[in-house]
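*Asks:*
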Amino acid sequence: MSKQVEPSVVTLDRPQRLSLRERGMVTIEYAIGAVLVIVLVGVIIAAIQQGWFGDLVHSLVALLMQAIPRALGA
């Protein structure tokens, strides 16, 4: 009446094995994304402080305000 116990072996299919090896990639991707956002914000702030950027925004808003009535058929 002896019962044989077979050891349980967990086999992972290929996609699960790859994901186990790449666990740290998510953290690295978030860090790179955060650095890129900080750099872009810095570039935007530097551009806003320049005189030409304000002129560009003003002309774009004026262009949009002229285009909206034309698009609506007025």
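Taken in order, the sequence shown gives residues 1 to 74; the numbers are from the UniProt record's numbering. In this text, a Cβ means the ideal position worked out from N, Cα and C, and glycines have one as well.
If we ignore side chains and look at the alpha-carbon of each, how far apart do Val39 and Val57 end up?
*Replies:* Distance between the alpha carbons of Val39 and Val57: 21 Å.
*Asks:* Could you give the distance in angstroms between the alpha-carbon of Ile68 and the alpha-carbon of Gly33?
*Replies:* Looking at the two C-alpha atoms, the distance is approximately 35 Å.
*Asks:* Our contact map puts Ala47 next to Phe53 with C-beta atoms below 8 Å; I'd like the distance itself, whole angstroms only.
*Replies:* Contact holds; Cβ gap of about 5 Å.
*Asks:* Using the three-state DSSP reduction, which class does Leu72 fall into: helix, strand or coil?
*Replies:* Coil.
*Asks:* Roughly how many angstroms lie between the CA atoms of Ile28 and Ile45, to the nearest whole one?
*Replies:* Their Cα atoms are separated by approximately 26 Å.
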